[in-house]
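Read through the structure below, which is laid out as structure tokens, and then see the notes.
Number of protein chains: 2
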Amino acid sequence: MDKNENNGKIKFIPEPTLRRLPVYYQYLKKLHNEKRIEFISATQIGNDLNIIPIQVKKDIAITEITGKPKLGYNVRELIKRIEDFLGWNNVTDAFLVGVGNLGSALLSYNGFKEYGLNIIAGFDDDESKVGKEIGKKMVFHVNKLPDMIQRMGIKIGILTVPAPYAQEIADIMVKAGIRAIWNFTHVKLNVPKNVIIQHENLAASLVVLSKKLEILLKSDE
Amino acid sequence: MDKNENNGKIKFIPEPTLRRLPVYYQYLKKLHNEKRIEFISATQIGNDLNIIPIQVKKDIAITEITGKPKLGYNVRELIKRIEDFLGWNNVTDAFLVGVGNLGSALLSYNGFKEYGLNIIAGFDDDESKVGKEIGKKMVFHVNKLPDMIQRMGIKIGILTVPAPYAQEIADIMVKAGIRAIWNFTHVKLNVPKNVIIQHENLAASLVVLSKKLEILLKSDE
DNA sequence: TAGATTGTTAATCGATTAACAATC
DNA sequence: TAGATTGTTAATCGATTAACAATC
Numbered sequence: 379m380d381k382n383e384n385n386g387k388i389k390f391i392p393e394p395t396l397r398r399l400p401v402y403y404q405y406l407k408k409l410h411n412e413k414r415i416e417f418i419s420a421t422q423i424g425n426d427l428n429i430i431p432i433q434v435k436k437d438i439a440i441t442e443i444t445g446k447p448k449l450g451y452n453v454r455e456l457i458k459r460i461e462d463f464l465g466w467n468n469v470t471d472a473f474l475v476g477v478g479n480l481g482s483a484l485l486s487y488n489g490f491k492e493y494g495l496n497i498i499a500g501f502d503d504d505e506s507k508v509g510k511e512i513g514k515k516m517v518f519h520v521n522k523l524p525d526m527i528q529r530m531g532i533k534i535g536i537l538t539v540p541a542p543y544a545q546e547i548a549d550i551m552v553k554a555g556i557r558a559i560w561n562f563t564h565v566k567l568n569v570p571k572n573v574i575i576q577h578e579n580l581a582a583s584l585v586v587l588s589k590k591l592e593i594l595l596k597s598d599e
Numbered sequence: 379m380d381k382n383e384n385n386g387k388i389k390f391i392p393e394p395t396l397r398r399l400p401v402y403y404q405y406l407k408k409l410h411n412e413k414r415i416e417f418i419s420a421t422q423i424g425n426d427l428n429i430i431p432i433q434v435k436k437d438i439a440i441t442e443i444t445g446k447p448k449l450g451y452n453v454r455e456l457i458k459r460i461e462d463f464l465g466w467n468n469v470t471d472a473f474l475v476g477v478g479n480l481g482s483a484l485l486s487y488n489g490f491k492e493y494g495l496n497i498i499a500g501f502d503d504d505e506s507k508v509g510k511e512i513g514k515k516m517v518f519h520v521n522k523l524p525d526m527i528q529r530m531g532i533k534i535g536i537l538t539v540p541a542p543y544a545q546e547i548a549d550i551m552v553k554a555g556i557r558a559i560w561n562f563t564h565v566k567l568n569v570p571k572n573v574i575i576q577h578e579n580l581a582a583s584l585v586v587l588s589k590k591l592e593i594l595l596k597s598d599e
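Below is the structure:
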């Protein structure tokens, strides 16, 4: 039986924990490469990342690793556990639609593979882009999209098209079999309930940043 | 006295509410432009955005708008209230450092102005980029950065450089007077306590997406 | 008037934080 | 042994959700 299942049912994980795990992972990787430390305590991780140690402990506990009192966790093992837990050992393929600046940035970024995502191709309706390679990924004409999704059984679509095309492309994706859309547009997509939308909303982040800055600058006075 | 203050102290706003406000805003804008509806109820907003109406009501209440029982809120006024509340009427200037694909995408995107952010220039150390314009924004050599931050009193820096330069540039920014950094790298930045970091962590989003997809696909079986 | 919706107070739920025995 | 740290249960805190009187 798989580690994070009980009778085939996946244990529920709080989203905040899920979001912190990659942060620990990046930290641990760096630690392992640069310092070759064998053990690390939750206290130490917490200090370095400005997260309270109890929370680090709770988050780590989810991987079901066993630590050593007084010493902490084996770094190598902890890295492995997080990889296993997040399913980063088997990479999932994805298509990206909309090869503008942002789309190109995501296509060229090779780091996603480390996080279990392999963007295997880009799609665009601009003939001047079709046939080219960006970050070693081929760009196809968007009219090939449905067929290729179906044939290759792709489940994840990345949406970086201009806003007016977002819903249209999402519809095509869903119809062809995509089950999760990483949405970088600011369009609220309508999709069936059995499709996941992960909306990367920069406006939302910006609002949080601005409000914090407002409070900060006010406190300077 | 300003609307969101009490004796000069800014009311605390839950971050989730802060992140939902721009979503309502985008929805309302579209509604107003396309359908010219005068009143909208929390129920209706909730239905359209898949958020439960009570939450919409609570979020909206923070703008201190007064709605009309049976009718709802005046769309025009609600839009205005959200703009006021989020400080979107006076735009804040920002510099962007790292004019690669991602940096170019952000520079070219004109939508941030609507959310109170004006990226006025880009910086890079690549001479082939310096002096050019991207999205009507000049690209300067990064060695001009500290001076220009200081002279223009810029408070927000956007960081889109390759990982190895992230901390170095952040240090320069902070030393010159930047008080908030929008961090698009996957580097955990060390900055003084009186500087805000907003970390756009795509790995974290990706993890959430993958886990949800995993659960979804499992439930198909 | 009847009914939908607001505004506000109370209940619930879930994540964070605290406490503490067990352990190396 | 003494002390730091784990693992786990309990307490706290804050956001979400429910309930309901007031109102148009």
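Line order of the protein sequences matches chains A and B. Taking the working numbering, the leading residue of the first sequence gets 379, the next gets one more, and so forth. Taking the working numbering, the leading residue of the second sequence gets 379, the next gets one more, and so forth. We treat Cβ as the ideally placed atom computed from N, Cα and C, and that holds for glycine.
In chain order, 557 place their CB closer than 8 Å to the CB of residue 572(A), counting only its own chain and leaving out the 5 sequence neighbours on each side. Annotated three-state conformation of residue 502(B) is strand, per DSSP. By alpha-carbon distance to residue 524(B), the top candidate from 594(B), 482(B) and 547(B) is 547(B).
Here residue 398(B) is near residue 582(A), since their CB atoms are less than 9 Å apart.
Within chain A, the C-beta atoms nearer than 9 Å to that of residue 490(B) come from 580, 581 and 584, in chain order. The CB of residue 493(A) comes closer than 9 Å to the CB of 580, 581, 584, 585 and 588 in chain B, given here in chain order. Using beta-carbon distances, residue 506(B) does not count as an interface residue toward chain A, since no partner is under 9 Å. Taking residue 430(A) as reference, the option from 402(A), 415(A) and 508(A) with the minimal CA-CA separation is 402(A).
Taking each of 456(B), 444(B) and 570(B) in turn and checking the Cα distance to residue 553(B), the smallest one comes out for 570(B). Looking only at 426(B), 406(B), 459(B) and 448(B), the smallest Cα-Cα distance to residue 442(B) is reached by 459(B).
No Cβ of chain A is located within less than 9 Å of the beta carbon of residue 543(B). Under a 10 Å Cβ-count criterion, residue 476(A) is classified as buried, with 16 or more other Cβ atoms of the shown protein chains found around its own Cβ. The region 469-485 of chain A and the region 479-494 of chain B touch, with three or more beta-carbon pairs separated by less than 8 Å. Of all residues in the region 506-539 of chain A, those with a C-beta nearer than 8 Å to a C-beta of chain B are 533 and 534, reading in chain order. In chain order, 471 and 473 place their CB closer than 6 Å to the CB of residue 532(A), counting only its own chain and leaving out the 5 sequence neighbours on each side. Close partners of residue 451(A) in chain B (Cβ separation under 7 Å) are lacking, with about 19 Å as the shortest Cβ gap. Going by C-alpha positions, residue 512(A) is about 23 Å away from residue 501(B). Sequence-ordered contacts of the region 473-486 of chain A with chain B read 478, 479, 480, 481, 482, 483, 484, 485 and 486 [C-beta pairs closer than 9 Å]. Taking 9 Å as the cut-off, the beta carbon of residue 560(B) is found no closer than this to the beta carbon of residue 495(A).
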